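Undergrad: First the structure, which I've put down as structure tokens, then a few questions once you've had a look.
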Amino acid sequence: MLGLSGCPGYGPITGGGMWSGMGIGMIFMGVAWILAIALLIMFIVKSSKKKQNNNLALEILNKRFASGEISEEEYVKRKEVLRK
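Under my numbering, the first residue of the sequence shown is numbered -2, with each subsequent residue one higher.
Set out below in structure tokens:
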């Protein structure tokens, strides 16, 4: 059976042959790339926020130690916890 395009297996009667499947595959691949890039961006933003929060906590700890609010022993313990 010849499709309307003159080639066997292709044309509107057979649903476009391999070209329709290729189009769907390209769409899925595009969606996969978009999701991968979005996940990478989310990971980078999340990790940078965590570093900012950790730096703020360490800054507060340094100020408390410098003002004499906490002992050296307590300062060292808390600093180790913040670095984890």
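Using N, Cα and C, we set each Cβ at its ideal position, and we do this for glycine too.
As the structure is a prediction and not an experimental result, all values here were calculated from the model.
1) Which whole-angstrom value describes the C-beta separation of residue 79 and residue 54, a residue pair presumed to lie in contact below a C-beta threshold of 8 Å?
2) Does DSSP put residue 78 in a helix, a strand or coil?
3) For residue 72, which residues from the same chain have a beta carbon less than 6 Å from its beta carbon, with the 5 sequence-adjacent residues on both sides left out?
4) To which residues of the same chain is residue 60 closer than 6 Å at the C-beta, ignoring the five residues directly before and after it?
5) Could you tell me the distance, in whole angstroms, from the CA atom of residue 41 to the CA atom of residue 69?
TA: If we stick to the structure as given:
1) 6 Å
2) Three-state result, residue 78: helix.
3) 62
4) Closer than 6 Å at the Cβ level, and outside the excluded window around residue 60, lies no residue.
5) 34 Å
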